[in-house]
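Below is one structure, written out as structure tokens, with a few remarks after it.
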Amino acid sequence: MPKELRGVWVDGLDGRRYALVANFGADEQTVEVWGETFSLAAGAATVRSGCSAGKTVGESED
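In the working numbering, the protein residues as written are 104 to 165.
Here's what the structure looks like:
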């Protein structure tokens, strides 16, 4: 991960896991979270929801 990007994982009260990713760099960055690739503009941040807390990506939600 480029040094300009910072991210944290958080388990939400709704039982889902969230990723907060921030781009502190001067250029747009490409980021992958839970298999989804997206562009993050310079100075921008995003929150992405993923699998339920305690599960891994690809594991059944049942």
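Beta carbons are placed, not taken as given, at the ideal position from N, Cα and C, and that holds for glycine.
The beta-bridge partner set that DSSP reports for residue 137 is empty.
Note: residue 122 is bridge-paired with 112, 151 in the DSSP secondary-structure output.
Counting the other CB atoms within 10 Å of its CB gives residue 124 a total of 16 or more, which places it among the buried residues. Here residue 144 is not near residue 135, since their CB atoms are 8 angstroms or more apart. Residue environment analysis places residue 109 among the exposed positions, since fewer than 16 neighbouring C-beta atoms fall within 10 angstroms of its C-beta.
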